[in-house]
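Protein chains in written order, with my numbering: chain V, 1032 to 1329; chain W, 20 to 376.
Note that the Cβ used here is the ideal one computed from N, Cα and C, for glycine as well.
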């Protein structure tokens, strides 16, 4: 080898730290981040202010005197109608609606998706098409018919009625999710389990579900956020004493008598949004990965 | 008694006939290879025998018992898949014992059988590992073990070596052959690799478009292929084919005429156009030319040295032809070589039906 001249390229290529494209990208990203975070900022600072300070109208200013009184009031003592126990009642109602709805819908949808992916019975495709069609029906169309059905079976106004409604409305998308995920698993695994003498349930529970953690997590996220944020079904199918948190929030914010307590409203709104927010922060990466995993093969 | 019998088996998906009236009898302890290019129905047939696909018509017998409507687990078969299909969340031990647990076998018997399989396949130290921590060859051994522990009559292999690299494949091929010697089970083995088929099989069934072209011993298939398809499929590099015709003086190919007195034909040869086949390794070169019935000189157009042999591309009687030479012989492209042909090494096929004459 000849001597390496110093001017010649040699070794790793040098990277430029600051270039025009980088500058444009990071400026845009920063501006967008500020734009989207500004409302959250306003909510947080307002919720920490006292009412006299809120009345000054400087929404962007930091609180001169930090108080958590609005948060306590929003959670425990804000009044809606005759009840003065704040959002806490709504929170527990929501939990009581959420947990059985998520468990039931995922349990049923995983079996649906499994049957559609592996046990190709006659009419499976037709059934799947009909099920998917359900995803395109606007909720409002179904609102009153479901009231009649729930009344006839005696579950109208009951939390379990709402659980059933949530489970049914989650079924199309969850079944699609599970079916696509199971279809992406190697079919030979299913065949091997059959040769090994495992039946319908045993293959699902012992072989396939232990491999399905990513898609189960996605399903949980979808259902938790969807059901937690639901307002329409909650207000229509339950009675005031079992209203979910979103409905409770609406009632607090929209109370017509007295002064608008913006700091309490802001605190209440953040509290209500906290559950989906936490779910996203904890599992955001898993969520994206799972959606992609289910979407590759259709 | 036949170990596996397939009688009049047909399978259609709607209007598409995937398997057409297949009849195969497999002897006890026989190693049968189903060989064909992709899409010929060989894996489909195996899945039908395993009971993983419902057939449209016909019957399947295993050990004299009609299993046509039986579940896969009741048929007395074990199956090994191309992708190994090990249960990823279970340890090797869990994989081996899953089938036995499903059959509600007592724990003592399970551990005895797992131990025996681990010993035969030399996977004892791996029992506690998960499949992800195994190499390809080890995974395939576990997959074989899963069939082994169930103590089945018939082993079904669906391209078990296709996912392995060339060297490992050659090693495992020999191991499989030894395993068959040791266990003496009936084995049905699907592959598209003719080397695997020739080396492993007691008999080979060559399939094409859902039907069996030829079912015979490997040397029979190599030496007396029943039609042009089989002749072309078996052998690497594959057979040379030329247009010819049979006349009073013998066989004429282009401007070459040679006697076919030594050709063993199935029927009396009529004077007609034929397809002439000759394997590259059956063209005489070097000292063997002297013994050939017909000899001539050709120009070496292109050389493909492969170490032990050199493959020579040339023109013969107006046809492209390849032949094999000793790799140690010095030869330049463009040089002339003497070659010889003998009738006993030729294959004649009907021009229309492509059946062997």
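Assigned secondary structure, residue i (DSSP; H/G/I helix, E/B strand, else coil)
| i | result |
| --- | --- |
| residue 1201 of chain V | helix |
| residue 1282 of chain V | helix |
| residue 130 of chain W | helix |
| residue 323 of chain W | strand |
| residue 335 of chain W | strand |
| residue 208 of chain W | strand |
| residue 369 of chain W | strand |
| residue 46 of chain W | strand |
| residue 1325 of chain V | Legend: pLDDT at residue 1325 of chain V = 47, less than 50; position of this residue unreliable, value from coordinates given subsequently. Three-state result, residue 1325 of chain V: helix. |
| residue 26 of chain W | strand |
| residue 160 of chain W | helix |
| residue 328 of chain W | strand |
| residue 1045 of chain V | coil |
| residue 286 of chain W | coil |
| residue 275 of chain W | strand |
| residue 92 of chain W | helix |
| residue 87 of chain W | coil |
| residue 374 of chain W | strand |
| residue 74 of chain W | coil |
| residue 1300 of chain V | helix |
| residue 1074 of chain V | helix |
| residue 41 of chain W | strand |
| residue 1098 of chain V | coil |
| residue 1032 of chain V | Any answer about residue 1032 of chain V is weak, because its pLDDT of 48 lies below 50 and its placement is not dependable; what the coordinates show is given next. Reduced to three states, the DSSP call for residue 1032 of chain V is coil. |
| residue 1173 of chain V | helix |
C-beta atoms of residue i and residue j nearer than 8 Å
| i | j | result |
| --- | --- | --- |
| residue 259 of chain W | residue 1228 of chain V | no |
| residue 77 of chain W | residue 119 of chain W | no |
| residue 356 of chain W | residue 317 of chain W | yes |
| residue 1302 of chain V | residue 1118 of chain V | yes |
| residue 54 of chain W | residue 225 of chain W | yes |
| residue 13 of chain W | residue 267 of chain W | The requested residue 13 of chain W does not occur in the structure, where chain W is confined to residues 20 to 376. |
| residue 182 of chain W | residue 62 of chain W | no |
| residue 297 of chain W | residue 350 of chain W | no |
| residue 338 of chain W | residue 273 of chain W | yes |
| residue 1121 of chain V | residue 1241 of chain V | no |
| residue 1076 of chain V | residue 1101 of chain V | no |
| residue 341 of chain W | residue 332 of chain W | yes |
| residue 330 of chain W | residue 352 of chain W | no |
| residue 195 of chain W | residue 65 of chain W | no |
| residue 264 of chain W | residue 1225 of chain V | no |
| residue 1208 of chain V | residue 1244 of chain V | no |
Residue i, enclosing beta strand (DSSP E) - first and last residue
| i | result |
| --- | --- |
| residue 266 of chain W | 259-266 |
| residue 379 of chain W | This structure gives no information on residue 379 of chain W, because the portion of chain W shown stretches from 20 to 376. |
| residue 232 of chain W | 230-235 |
| residue 224 of chain W | 222-227 |
| residue 308 of chain W | Per DSSP, residue 308 of chain W belongs to no beta strand (DSSP E) and is neither H nor E. |
Cutoff 8 Å; reference residue i; Cβ partners in own chain excluding five residues on either side
| i | result |
| --- | --- |
| residue 43 of chain W | 23, 24, 25, 51, 224, 231 and 234 |
| residue 1112 of chain V | 1271 and 1282 |
| residue 1326 of chain V | With a pLDDT of 45 at residue 1326 of chain V, under the threshold of 50, the modelled position of this residue cannot be trusted; read the value that follows with caution. Closer than 8 Å at the Cβ level, and outside the excluded window around residue 1326 of chain V, lie 1211. |
| residue 1255 of chain V | 1129, 1133, 1306, 1307 and 1310 |
| residue 113 of chain W | 106 |
| residue 117 of chain W | 106, 109 and 165 |
| residue 1329 of chain V | Because residue 1329 of chain V carries a pLDDT of 34, less than 50, the predicted location of this residue cannot be relied on, and no value is offered for it. |
Own chain partners of residue i with C-beta closer than 7 Å, once the 5 adjacent residues on each side are dropped
| i | result |
| --- | --- |
| residue 1220 of chain V | 1238 |
| residue 188 of chain W | 180 |
| residue 82 of chain W | 22, 95 and 172 |
Limits of the unbroken alpha helix (DSSP H) element including residue i
| i | result |
| --- | --- |
| residue 1125 of chain V | 1119-1149 |
| residue 270 of chain W | That residue, residue 270 of chain W, is in no alpha helix (DSSP H); its beta strand (DSSP E) goes 269-272. |
| residue 360 of chain W | Run containing residue 360 of chain W: none in the alpha helix (DSSP H); it sits in the beta strand (DSSP E), 355-360. |
| residue 118 of chain W | 111-121 |
Residue i: CB within 7 Å of a non-hydrogen atom of the ligand ZN
| i | result |
| --- | --- |
| residue 340 of chain W | Looking at this structure, you won't find the ligand ZN or any other ligand, since it has none at all. |
Close-in-space but distant-in-sequence residues of the same chain around residue i (CB under 6 Å, 5 per side omitted)
| i | result |
| --- | --- |
| residue 40 of chain W | 27 and 29 |
| residue 111 of chain W | 145, 146, 148 and 161 |
| residue 167 of chain W | 136 |
Query raised in the report: Residues in the segment 104-126 of chain W with C-beta within 7 Å of chain V's C-beta atoms, listed in sequence order?
Result: Within the segment 104-126 of chain W, the residues whose Cβ lies closer than 7 Å to some Cβ of chain V are 104, 106, 107, 108, 117, 118, 121 and 122, listed in chain order.
Report task. Report the residues of the segment 1220-1234 of chain V with a CB closer than 9 Å to any CB of chain W, ordered along the chain. Result -> Within the segment 1220-1234 of chain V, 1220, 1221, 1222, 1223, 1224, 1225, 1226, 1227, 1228, 1229, 1230 and 1233 place their CB atoms closer than 9 Å to a CB of chain W, listed in sequence order.
**Report entry** Near-chain V residues of the segment 145-169 of chain W - C-beta to any C-beta below 9 Å
**Finding:** Contact annotation: in the segment 145-169 of chain W, residues whose CB is within less than 9 Å of a CB in chain V are 162, 165, 166 and 169.
Query raised in the report: What residues in the segment 1237-1265 of chain V have a beta carbon less than 8 Å from any beta carbon of chain W?
Result: Answer in chain order: 1237, 1238, 1241 and 1242.
Report task. Closer than 8 Å, Cβ to Cβ, to anything on chain V: give me those residues from the segment 20-41 of chain W, in chain order. Result -> Cβ contacts with chain V come from no residue of the segment 20-41 of chain W.
Query raised in the report: For the segment 194-216 of chain W, which residues have a beta carbon sitting closer than 9 Å to at least one beta carbon of chain V?
Result: Those residues of the segment 194-216 of chain W that come within reach of chain V (Cβ to Cβ, closer than 9 Å) do not exist; the list is empty.
Query raised in the report: What residues in the segment 58-75 of chain W bring their beta carbon closer than 9 Å to a beta carbon of chain V?
Result: Listed by position, the residues of the segment 58-75 of chain W near chain V (Cβ gap below 9 Å) are 66, 69, 70 and 71.
Report task. Report the residues of the segment 82-96 of chain W with a CB closer than 9 Å to any CB of chain V, ordered along the chain. Result -> If the cut-off is 9 Å between Cβ atoms, the segment 82-96 of chain W has 90, 91, 92, 93, 94 and 96 near chain V.
Query raised in the report: For the segment 1087-1101 of chain V, which residues have a CB atom closer than 8 Å to at least one CB atom of chain W, in sequence order?
Result: Shown here is that no member of the segment 1087-1101 of chain V has a Cβ falling below 8 Å from a Cβ of chain W.
Requested in this report: With 8 Å as the C-beta to C-beta threshold (strictly closer), list the residues of the segment 1269-1281 of chain V near chain W in chain order.
Outcome: Only those residues of the segment 1269-1281 of chain V whose C-beta falls short of 8 Å from the nearest C-beta of chain W would be listed, and there are none.
**Report entry** Near-chain V residues of the segment 167-188 of chain W - C-beta to any C-beta below 9 Å
**Finding:** Listed in chain order, the positions of the segment 167-188 of chain W with a beta carbon within less than 9 Å of a beta carbon of chain V are 169, 175 and 177.
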